[in-house]
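Residue numbers (our numbering): 15 to 178. C-beta: ideal position from N, C-alpha, C; glycine also.
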Amino acid sequence: MHLNIGYENVKTFPTWFDEGTAIFFSGSGAKHVVEDFNGSYSTAPSQDYQQYDLNFEYLEANLGRPRMLELIKQSIDQRDYTVALRALHIADYSTLVSEARDWQQKETIKWIVFWILGILDVVWIIRLTLPKAPRPYVTCKHCGYEVDNRTFQHQFCTQCLKKL
Ligand SMILES: [Zn+2]
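Laid out in C-alpha cells, this is it:
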C-alpha cells in the first residue's frame, strides 16, 4: 500500500521517504518483495528496505504514532519530507540512518537484558518453590552436639548416646 502522494509529487520525495512510508504502513518491511538481477522475485529483505523500515520505526518510537502520522501528513501537504526530521532536530538523511541504527542497537540490548532478567526471575522462582535441602546436621536436644544427619537414622546422639 502506497500513500496517495500522487505522481506529480513523487519526485519531491526521496526514495527512503516514499518507500519508507509505504513499508511502514503496510508492515511489509521484513518481507518486501525484491526483484533481483535475473528479473525473478524473491521475498528476501533488502538492506535498503530494512533501513527504510527502521527509519520509520525510529521516528515512531520518538514521536509517538499520532504525532508521527500528523507530521507525515504535514510532509505530504507541504511537499517537504524534512518535517518529521526537523521535529527531532535531525539534520539530514545520514543522521537519521545513524540515529536509527544506534536506537536499534540500544533496543536490542534492552531486549537482551529484559530476557536475561526474566530468565533469572524464573530461576529464582523455581529455587523458591524447590524443597529446601535437608540440613547436614541435627542438634542433639540433650547435649547440643551437632549430630551428622547421616547418622540420624540410628536415632541416637553419637556424643551422649541418648535418644534424639
Ligand atoms: Zn547428645
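Ignore the nearest five residues each way along the sequence and tell me which others in residue i's own chain have a CB closer than 6 Å to its CB.
i: F31; result: Y95
i: A114; result: L68, N69 and Y72
Got a sec, what are the start and stop residues for the beta strand (DSSP E) residue i sits in?
i: D162; result: E160 to D162
i: T9; result: Outside the shown range of the chain, which is 15 to 178, sits residue 9, and nothing can be said about it.
i: T153; result: Y151 to T153
From residue i to residue j, what does the alpha carbon distance come to, in whole angstroms?
i: L178; j: I126; result: 53 Å
i: G34; j: I139; result: 44 Å
i: F39; j: L131; result: 33 Å
i: V97; j: T26; result: 13 Å
i: D150; j: V137; result: According to the sequence provided, residue 150 is Pro. The question's Asp does not apply to it. Their backbone Cα atoms lie some 24 Å apart in a straight line.
i: L83; j: K146; result: 56 Å
i: W129; j: C157; result: 51 Å
i: L85; j: Q92; result: 10 Å
i: L142; j: K124; result: 27 Å
i: K87; j: Y63; result: 21 Å
i: P80; j: D135; result: 35 Å
i: T122; j: P28; result: 28 Å
With a threshold of 8 Å on Cβ separation, who are the neighbours of residue i within its own chain once the five nearest residues in sequence on each side are excluded?
i: V193; result: Outside the shown range of the chain, which is 15 to 178, sits residue 193, and nothing can be said about it.
i: Y159; result: T153, C171, T172, Q173 and C174
i: E74; result: F38 and M82
i: V161; result: Y151, V152, T153, C154, C171, T172, Q173 and L178
i: Q169; result: K177 and L178
Using the rule of at least 16 other Cβ atoms within 10 Å of the residue's Cβ for burial, across every protein chain shown, is residue i buried or exposed?
i: D116; result: exposed
i: I133; result: exposed
i: L99; result: buried
i: D50; result: With a pLDDT of 49 at D50, under the threshold of 50, the modelled position of this residue cannot be trusted, and the question is left open.
i: A105; result: exposed
List the endpoints of the continuous alpha helix (DSSP H) containing residue i.
i: A36; result: T29 to S40
i: L99; result: V97 to A101
i: Q92; result: R79 to Q92
Taking the alpha-carbon of residue i as reference, which of the options has the nearest alpha-carbon?
i: Q118; options: Q169, N163 and N76; result: N76
i: L102; options: N163, E121 and G78; result: G78
i: Y72; options: V161, K120 and L142; result: K120
Counting contacts by CB-CB distance shorter than 7 Å, is residue i in contact with chain B?
i: Q65; result: In the displayed structure, chain B is absent; only one protein chain is listed.
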